[in-house]
Amino acid sequence: MKNSYSVKVVIRNEEEKRKGNGTYPLYYQVIVNSKKTKFSSGHSLHLSDWDFKKSLPKGLSNATLRKKLEQEVRKLENILLEIDISGKPMTRELIREKYLGTDDGKNTRDFYYHFDEFCNKKFLEISKGTSNHYALLKKQLKEYKPNLLLEEMDYKFFKDFFHYLRTIKGIGKSGIGTRRKTLVCTFNEFKRLGLVKENHCQEIERPKENKVDVFLTEKEVQDIVDADLNIGAYTYGLKLTRDLFLFSCFTGLRFGDVMNLKRENIFDNGSKIIIISQKMNRKLEIPINRDAKLILMKNKYMIKKGLIFPRRTNVSVNRDLKIIASIAKIPKKVTFHTARHSFGSILAKKGTQPYFIMKLMGHTDIKMTSRYVNSDEETLKEIIFNVNFKNYEKPRTNQRTGEGNKKTGKTK
4 MKNSYSVKVV IRNEEEKRKG NGTYPLYYQV IVNSKKTKFS SGHSLHLSDW DFKKSLPKGL
64 SNATLRKKLE QEVRKLENIL LEIDISGKPM TRELIREKYL GTDDGKNTRD FYYHFDEFCN
124 KKFLEISKGT SNHYALLKKQ LKEYKPNLLL EEMDYKFFKD FFHYLRTIKG IGKSGIGTRR
184 KTLVCTFNEF KRLGLVKENH CQEIERPKEN KVDVFLTEKE VQDIVDADLN IGAYTYGLKL
244 TRDLFLFSCF TGLRFGDVMN LKRENIFDNG SKIIIISQKM NRKLEIPINR DAKLILMKNK
304 YMIKKGLIFP RRTNVSVNRD LKIIASIAKI PKKVTFHTAR HSFGSILAKK GTQPYFIMKL
364 MGHTDIKMTS RYVNSDEETL KEIIFNVNFK NYEKPRTNQR TGEGNKKTGK TK
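Position one of the sequence shown corresponds to residue 4 (the numbering used here), numbered consecutively onward.
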């Protein structure tokens, strides 16, 4: 009997499928001999953006999504044609195996299957902060292409994926550089395991960052301390953000380490912090100065059990810091990480040896510490003003007589 089959995109507009943002999920619907099979596309749309007659998104704003959906439809159609020509029964299981590359988890060519296997082992040896990069990468890959085979991940795929991150997701050079680094590491392992022959992600040029480290001077830190943050309903949040930021200025701790700080990390009656750095996954031992201890006392670290500081998200803190910087009249783009830069640069300005700065900041390489040795205009001015250039004013000695300038009577 001759097989009949078709593929199209459908929108699941049942009310129970409606997402919190008001959109509905899109699926690839495969009909073979009147039997339906659906595959998630990983995308969703508002009903007003859907063309029910053409079974595709409408409007210029959805052109990229429309093209991507059409490509997947053609791919499924080719799979059905291949199965039909082979003479094999067109079962749901065979279609699913051909499309997803899975066979009950065995001998699979599904990227996500192997990626999860890789991460399960990798997460045992990397920090939580680094493991978050892998989790975010998977989420964004799923959004871009929910069903993905290893064979599809060639140079063009990676180039198109990074273009998607840049144009659709609005991710900057630093973020794309991190995704590229994570994928290169993953495919290097896949290559060693014999899953792929080439690491095509490595062929993608690493984005060049115009990165400028922003840090505050001692005066600017004091300006933040003195800023009047009493502005109604926002007062509590702004003051909490200021405490978190200043604590980082005084200790050099990253946002994640500050947020995860517990009473059990405070030793010697509030004079020392000992933690395992979230990013570097190594022990840090940091003396606590008077200003940092006052912030701990303000948050009742001796009474509280568990986490010392109230919960705040990085996004909320950075939003608050824009307001605080404006109130303090600081003309710089201040983020939470600015506090860590300021900690390192102020120590350097005070004449602290780079080796000790490296230890306090938990760096493994002195080259990393060199980024925090500041070169701001104020410091350069101080250097120039403190250098004695007056020697050039001394009168020249008469080479023939050895006498000094007649007007001054001075000699060398």
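For every residue, glycine included, the Cβ atom is placed at its ideal position computed from N, Cα and C.
For a test of the three-state rule: what should DSSP assign to residue i, helix, strand or coil?
i	result
Asn110	In this prediction, Asn110 has a pLDDT of 46, which is less than 50 and means its spatial position is unreliable; what the coordinates show is noted afterwards. Coil at Asn110, not helix or strand.
Glu208	coil
Asp54	strand
Glu223	helix
Tyr358	helix
Phe218	coil
Val35	strand
Phe270	strand
Glu19	helix
Ile120	According to the sequence displayed, residue 120 carries Glu and not Ile. Reduced to three states, the DSSP call for Glu120 is helix.
Lys162	helix
Leu152	strand
Leu144	helix
Tyr304	coil
Lys242	helix
Leu249	helix
Lys265	strand
Leu168	helix
Leu127	coil
Leu310	strand
Leu29	strand
Leu363	helix
Leu232	coil
Leu256	coil
Locate the alpha helix (DSSP H) running through residue i, then write down its first and last residues.
i	result
Ser89	Ala66 to Ser89
Glu100	Arg95 to Leu103
Tyr8	That residue, Tyr8, is in no alpha helix (DSSP H); its beta strand (DSSP E) goes Tyr8 to Ile14.
Ile326	Asn317 to Ile330
Lys296	Arg293 to Lys301
Glu423	What is shown of the chain runs 4 to 415, which leaves residue 423 out entirely.
Ile349	Phe339 to Lys352
Lys275	Careful: Lys275 lies outside any alpha helix (DSSP H), inside the beta strand (DSSP E) at Lys275 to Ile279.
Do residue j and residue i count as a contact pair if the criterion is CB distance below 8 Å?
i	j	result
Leu79	Leu59	no
Thr244	Asp323	yes
Asn36	Asn6	yes
Arg182	Ile207	no
Leu467	Phe160	Past the edges of the chain, shown from 4 to 415, lies residue 467, and the structure says nothing about it.
Ser345	Val224	yes
Val217	Asn202	no
Phe164	Lys141	no
Phe270	Phe339	no
Leu83	Tyr167	no
Asp226	Ala138	no
Ile289	Lys275	yes
Thr67	Ile174	no
Lys145	Gly255	no
Leu103	Asp87	no
Considering just the uninterrupted stretch of the beta strand (DSSP E) at residue i, what are its terminal residues?
i	result
His46	Lys38 to Leu48
Leu287	Lys286 to Pro290
Please report how far the alpha carbon of residue i lies from the alpha carbon of residue j, in whole angstroms.
i	j	result
His136	Asp260	17 Å
Thr185	Asn233	43 Å
Thr316	Lys325	15 Å
Arg169	Glu155	21 Å
Tyr147	Val76	15 Å
Met364	Gly197	39 Å
Pro92	Ile98	10 Å
Met262	Lys242	15 Å
Glu85	Arg21	35 Å
Lys336	Arg343	14 Å
Gly309	Gly273	15 Å
Lys162	Ile14	29 Å
Arg209	Lys176	9 Å
Phe43	Asn321	Before going on, a small fix: residue 43 reads as Ser here, not Phe. Near 36 Å, if we compare the C-alpha coordinates of Asn321 and Ser43.
Leu297	Thr238	20 Å
Gly62	Gln74	18 Å
Lys39	Glu100	16 Å
Phe250	Asn292	10 Å
Met361	Thr372	6 Å
Ser134	Ala236	36 Å
Lys211	Phe190	22 Å
Asp231	Ile327	9 Å
The ligand COA and residue i: does any heavy atom of the ligand fall closer than 7 Å to the residue's C-beta?
i	result
Gly62	Although the ligand COA was asked about, the structure shown includes no ligands whatsoever.
Review point. Pairing CB atoms from the region 114-129 with CB atoms from the region 25-41, are three or more of them under 8 Å?
Key: Taking a cut-off of 8 Å on C-beta distances, the region 114-129 does not touch the region 25-41, as fewer than three cross pairs fall below it.
Check your understanding: Hey, is the region 135-152 in contact with the region 298-312, meaning 3+ C-beta pairs nearer than 8 Å?
Key -> no
Review point. Taking contact to mean at least 3 C-beta pairs separated by less than 8 Å, is the region 263-282 in contact with the region 342-359?
Key: The region 263-282 is not in contact with the region 342-359.
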